[in-house]
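The structure appears right after this line, and notes come after that.
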Amino acid sequence: MLPNVPPKPLKEQVLDYDKLEYPLVPASVTQRLQFSSELPQYFNELSRDKLEELARSPELLQSYLYKTSNFEQIGTEIVDSLEKQIEYTTKLLNNVNEDIVPQTDQINKQLEQFHEKLKKFDQLQVRMYDLLNKYSRESIIRAVERSVNDKDRDTKSLVDQILLSETGKIA
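Each residue of the sequence shown is one higher than the last, beginning at 1 in UniProt numbering.
This is the structure:
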């Protein structure tokens, strides 16, 4: 069975990226960059060998394009923004090292102390329940019955000894 799919819209939906709550693509990225493609006048003065060397060497051509096509300015802007980000992150790192790390160490020490106290509390709680279990009604009844049975046995053995000693005197 195929899933139910909504019908295809009649008009193509065009999204205005500037009106989105969280823009997907920055406006600067969507703009086309245009570079001047005209060759300077001094290229006419270069020999054919030099032009062929420039065309065959990707490194030379790339460096020439970088110099003439505004890539250098874009590169410096990127480097500047990266330097600002590095400066900001080093400030954050210093803040973390100076403020947050000592607080975290203090919290960890307190957690260790609380853990030890909780462990001791748990042990005392188990001991308390053992003692309470010892003094519960049923355990008290069992202890009294045991004591009564022990005393009854002792009494019977004493009575038997007395009877034996009296019968031994009579005989």
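From the three backbone atoms N, C-alpha and C, an ideal C-beta is built for every residue, glycine too. As the structure is a computational prediction, the values presented were derived from the model and not from experiment.
When you compare only the Cα positions, how much space is there between residue i and residue j?
{"i": "Glu72", "j": "Ser57", "result": "20 Å"}
{"i": "Glu77", "j": "Gln103", "result": "38 Å"}
{"i": "Glu87", "j": "Ser81", "result": "10 Å"}
{"i": "Asp130", "j": "Ile100", "result": "44 Å"}
{"i": "Gln106", "j": "Met128", "result": "32 Å"}
{"i": "Glu45", "j": "Leu51", "result": "10 Å"}
{"i": "Arg142", "j": "Ser136", "result": "10 Å"}
{"i": "Ala171", "j": "Leu132", "result": "With a pLDDT of 48 at Ala171, under the threshold of 50, the modelled position of this residue cannot be trusted; read the value that follows with caution. Straight-line Cα distance between these residues: approximately 55 Å."}
{"i": "Gln161", "j": "Ser139", "result": "33 Å"}
{"i": "Gln41", "j": "Gly75", "result": "26 Å"}
{"i": "Phe121", "j": "Phe114", "result": "10 Å"}
{"i": "Val144", "j": "Leu158", "result": "21 Å"}
{"i": "Gln125", "j": "Asn149", "result": "33 Å"}
{"i": "Thr155", "j": "Glu166", "result": "16 Å"}
{"i": "Lys11", "j": "Asn4", "result": "21 Å"}
{"i": "Pro7", "j": "Lys19", "result": "25 Å"}
{"i": "Val14", "j": "Phe43", "result": "46 Å"}
{"i": "Glu59", "j": "Thr89", "result": "34 Å"}
One question on the structure: do residue i and residue j come within less than 7 Å of each other, judged by their Cβ atoms?
{"i": "Leu65", "j": "Leu54", "result": "no"}
Do we get a CB-CB distance below 7 Å when we pair residue i with the residues of chain B?
{"i": "Leu65", "result": "In the displayed structure, chain B is absent; only one protein chain is listed."}
Cβ of residue i versus every heavy atom of the ligand PLP: is any distance shorter than 6 Å?
{"i": "Arg48", "result": "Judged by which ligands are present, the structure shown has none, so any question about the ligand PLP falls away."}
Ignoring anything shorter than 4 residues, give me the alpha helix (DSSP H) runs that lie fully in the UniProt domain "VPS37 C-terminal" (45 to 165), in order along the chain. 48 to 56, 58 to 68, 71 to 95 and 101 to 134
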